[in-house]
Amino acid sequence: MAWRTQPVISPRSGVVAAIAIAALMAAALGAVLWRAEGGRGLGPADWSALRFTVVQAAVSALVSVALAVPVARALARRQFMGRGLLITLLGAPFILPVIVAVIGLLAVFGRNGWISTALGWAGFEPVHIYGFHGVVLAHVFFNLPLATRLVLQGWADIPAERFLLAAQVNADARAIRRLLEFPMLRQVLPGALAVIFAVCLTSFAVALMLGGGPRATTIELAIYQAFRFDFDLGRAALLALVQIALTLGAALMALRLGRGDGFGAGLDRPVRRWDANGLGLRALDAGVITLAAAFLLLPMGAIVANGLAGLSALPNSMFRAAGVSLGVALASAAVLLLLALPMAIAAATGRAATVETAGLLGLAVSSLVLGTGLFILIHPIASPAAFAWPVTALVNALMALPFALRILIPPAREVVRTQGRLAQSLAMPGLSFLRLVLLPRLRRQIGFAAGLGAALSMGDLGVIALFADADRATLPLQIYRLMGAYQMQAAAGGALLLLVLSLALFRTFDWLGARHADA
Amino acid sequence: MKYLAFAAGIFCATGLAAETPELTVYTYDSFVTEWGPGPAVKAAFEETCGCTLNFVAAGDGAALLARLRLEGARTEADVVLGLDTNLTAAARETGLFAPTEIEADYDLPVAWDDDTFIPYDWGYFAFVHAADMPAPQDFLELARSDLKIVIQDPRSSTPGLGLLMWVKAAYGDDAAQVWTDLADNIVTVTKGWSEAYGLFLDGEADMVLSYTTSPAYHIIAEDDTTKDAASFDEGHYVQIEVAGRLAASDQPELAEQFLNFMVSDAFQSVIPTTNWMYPAVTPAQGLPKGFDALVEPREALLIPEDQAQATRDTALAEWLGALSR
Amino acid sequence: MLTLDAITIENGGYAVQADLTIAPGQRVAVIGPSGAGKSTLLGGIAGFLPVPHGRILWRDAEITASTPGQRPVAMLFQDGNLFPHLTLAQNVGLGLRPDLRLSPEQRAQVDAALTRVGLSGLGARKPAALSGGQQSRAALARVLVQSRDILLLDEPFAALGPALKADMLDLVAEVCADTGATLLMVSHDPTDARRICSHAVLVADGQAHPPVETATLLNDPPPALRAYLGQDGLP
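Residue numbers (UniProt numbering), protein chains in the order written: chain H, 1 to 519; chain R, 1 to 325; chain A, 1 to 235.
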């Protein structure tokens, strides 16, 4: 008989989840295409939008990841007071609604921002942030935290024993780079690049606002135009397909590049490092951490400063919206884990390509097109408003899925690789393996993924705008609505509330995961 | 027994529904916030109609129309409130709207004769700036100056489209050249009005595209007289916001009643200080104090509905061409 | 009786062939040069490596196609014999019920096994808090409660000092005596083999030879083994 290695736990449910996601996306796109009436194909303007989109996304991803490596390394090899809090705060830009973050960013880098003001005192021209470099700056601001966390996770996943071993052979910082860090980076970076590339591909408001004009037209804006300016659903769906092809192409390339050996199993002990005690390296790391903190936290500070005055002006609707957002965020985190865990298991037991591809779809599909598709599907059956929350929770979970998978797959693979054999020799059933080995071993990453998912869902405007009626608004939607009614101050207060709630959610999940994980 | 209980439930449900009919009104986001007209309008109408008024907010005017087109005749909307004169042609073309009999003594800068849509408020697009700053007299002076402006993208924003039509109405075939000259004044282009106005308030630009009525908000709500709208010699483009009722509505009488209510004092007196636009019918007590301080454009520009669609596409191409260089 | 009926075990690029039987309850050392395929032989018997040709039988029942957990085999690896996040008691308990829903009797059995290997009272500790010797003992406690018919040791004590290793081997012998298990033990050290194994299987050049008495093999090693053992192997 044909002899096959049986995986210690079945990849079936993960593959089913992946197929279900792909089917949902296909149904949504199909619905949009089905409702399309004639329309024209892609024109020259669409192709130049495509070019701009790819170039800005690629540059943004490269810069984000290149900067993330020194920051993550500095954070990985330094212990200091408030390190955990700093890491949480550094994650904040990623989970903020675009408009809130951009206003914070402009408070620092804008024509009237702190830097320009300081330059003005010194008799210089203000910095000109609007243009291609502004788009990249904003995308780095949004994605540096994500890149840093992904790379930092890579460092954390190198077992402490490897560092002990390295210290044993008296490896210096350079030798550690070669022995441990480069191989780890080779595994981690392609995935991080692909994810950030995908995030930036679907960017729209940031690119437009900081790009300085229609030169900075992205595919997502072209979709927007097709949808609401020309009501050309066919073109919207076509552009969405182009976006999917681009994202998946990049992702598959990255996955291919990212293949490599893991680091083997190790008993968990806190990492102590002996290789980076030199004064020069300490100063370098301190400098890197300070710069990154300043870059990411100053705009946060501006949001806080702007928002404090608005807090007292917050209307009740804002608190109701905050409650809605919290509920949606928790539901979204739950859906996220229900999808991501089986998919991570499937990837760990050899179905990586299927799972990672399906996982990226959530990012690759324009939320406008996805939302519209779901709207078309739901509308004949029920009132879309009744589905506003579930659909938002689901779509937000899908958007967070690629991040959750990047967080969960490497350790899941490691656990299956190192402990699957023992479990098999014990005839451990798949569910027991899940309950006794996989879940406890992945606690830290599960907490991180759930926290990220919940926080992202908090801040995402997503598809709620298409579905919600007056009473079902989420916090970001309510902020937008207040801004539209001249209530800039109340909106700023709402943004601060959102910032605090998102970080608190993230921190709570992260902490829950880390608390019971073995040190 | 079960069947009886079920039947009784159905009976009660329909009985209740018959007692208080529901009117569903689709509108844009800012209309339904507690600072918008929504709450006051709902309270006032429900007082007289013996019904429940439900607002469903869907983005802005263009998003409203897109949503209607998606829903088609199956839409739950009885009334759509918040389309503007740039959208009425496309809205009419869908065939989803029912004609209305309502007529009123409109105070609009242009003559109004429409059998489907009724206007409820209007405003002039204008560049808002700090009051202590000398403002340009027209687009050409603006283009020659070093002033920095923030505008909205016509593809994603109603005011953005309004500006496009404004320049086109004022300059016709020279519009492309005007845009080319304006290019170096434009700091950036935003997705919507909120972002642009936020940027302006944060000092990112000297002027922002908004409405002549915007300073009224600052004067009345914030007691702040530091904002002004620039009066341009070319005239100002008019935005008239309209409502219409849907042919497929299951509450046609109630919908018509609501449209009638919209041109009444109860509705119109709410508009100036909640939607910050001119009411379509000046209420009995006149305009609130603060509106008298606003600039009065010497000419109102409006491209007629039947030309709007074609003009829009040409103007967009010119705009993209001029600003993409 | 463990029967390896003309089997070929594949491990990546190379293969090991075996055609031999081992009597129940026998303690057998697996000896041979490095890279000859000792671990491959054990991996094949345990079910971790494919056996495309031949049959493996235990007590006349074929187990060639069984999954590792279905086989009457307990195995200790060079490392990774304990789950680092579970307590010792949980790790041992896995040998009774892999889903860890233990009855009070089973808990008592776990405690007894820990006491038997000299870890009384340490059930709540996690592996990282133990010495290497204690970790080995805990793994043996699990083997004890598993009470499988066949015990495979792939050098689990290689990292221990001579005295500690001797203790462990004695403990293994006791465990085998307690459970009546058949033992196959990879060893690099002839003294280990002499200490507890009556018989030895020589693995050389991709071929596992039928067991012979340990003393016979070591006293007059064939050329391949002689070169590997050097002078130390001789009496």
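From the three backbone atoms N, C-alpha and C, an ideal C-beta is built for every residue, glycine too.
At a beta-carbon threshold of 8 Å, the residues of chain R lying near H/Thr-372 are Leu-70, ordered along the chain. According to the DSSP secondary-structure assignment, A/His-199 is paired through a beta bridge with A/Val-28, A/Glu-213.
The DSSP-derived three-state label of R/Tyr-211 is strand. For R/Asp-202, a Cβ of chain H is located within less than 8 Å of the residue's own Cβ. Shown here for H/Leu-238: same chain residues with a beta carbon closer than 8 Å to its own, the five before and five after excluded, namely Gly-41, Leu-42 in chain order.
For H/Arg-515, the closest Cβ of chain A is not nearer than 8 Å.
Only exposed fits H/Phe-182, as fewer than 16 other CB atoms lie within 10 angstroms of its CB. R/Trp-166 is outside the set of residues whose beta carbon lies under 8 Å from a beta carbon in chain H.
Its chain contains Phe-83, Leu-100 as the residues whose beta carbon lies nearer than 8 Å to that of A/Gln-90, once the 5 sequence neighbours on both sides are disregarded; these appear in chain order.
Selection H/Ala-294, H/Gly-323, H/Ala-45, H/Arg-35 evaluated against H/Leu-497 yields H/Gly-323 as nearest (Cα-Cα).
Under the three-state reduction of DSSP output, R/Pro-279 falls in the strand class.
The alpha carbon of H/Arg-282 has as its nearest neighbour, out of H/Phe-94, H/Ala-382, H/Leu-75, the alpha carbon of H/Leu-75.
Beta-bridge annotation (DSSP): R/Pro-119 is paired with R/Val-242.
Residue-level contact check: H/Arg-40 does not touch chain R, since none of the beta carbons of chain R fall below 8 Å from its beta carbon. Excluding its 5 nearest sequence neighbours in each direction, H/Gly-120 has no C-beta neighbour in its own chain below 6 Å. For H/Leu-439, the nearest beta carbon of chain A is not closer than 8 Å to its own beta carbon. Below 8 Å, enough C-beta pairs join the region 245-254 of chain H and the region 356-370 of chain H to call them touching: three or more. DSSP places A/Met-185 in the strand class (E or B) of the three-state scheme. The Cβ-Cβ distance between H/Val-102 and H/Val-206 falls below 8 Å. The beta carbon of A/Thr-67 lies closer than 7 Å to those of Gly-47 in the same chain, with the five residues before and after it left out.
In terms of beta-carbon proximity, R/Tyr-120 stays away from the interface with chain H, with every pair separated by 8 Å or more. The beta-carbon separation of R/Val-128 and R/Val-187, rounded to 14 Å, does not stay under the 8 Å limit for a contact. Relative to the Cα of H/Val-8, the nearest Cα in the group H/Leu-360, H/Ala-455, H/Ser-64, H/Gly-420 belongs to H/Gly-420. Shown here, R/Gln-285 sits in coil according to DSSP, grouped into three states, outside any helix or strand.
Closest in alpha carbon position to A/Arg-59, among A/Leu-140, A/Ile-150, A/Pro-221, A/Phe-157, is A/Ile-150.
The beta-carbon distance between A/Ala-65 and A/Leu-41, rounded to whole angstroms, is 18 Å. This is too long to meet the 8 Å contact definition. H/Ala-358 sits close to H/Ala-22, with the two beta carbons spaced by under 8 Å. Looking at the DSSP output, R/His-129 sits in a beta bridge with R/Met-207, R/Asp-228. When Cβ-Cβ separations below 8 Å define contact, A/Asn-81 makes contact with chain H. Close to R/Val-25, with beta-carbon spacing below 8 Å, lies no residue of chain H; the smallest spacing is near 10 Å. Not one beta carbon of chain R lies nearer than 8 Å to the beta carbon of H/Gln-243.
Secondary structure of A/Met-75 (DSSP, three-state): strand. Residue environment: A/Pro-52 is assigned as exposed (fewer than 16 neighbouring CB atoms within 10 Å of its CB, all protein chains considered).
Per DSSP, the continuous alpha helix (DSSP H) segment holding A/Leu-171 begins and ends at 162-179. Between H/Ile-196 and H/Tyr-480, the alpha-carbon positions lie close to 25 Å from each other.
Your pair R/Ala-98 and R/Arg-245 checks out as a contact, with CB atoms roughly 5 Å apart and the cut at 8 Å.
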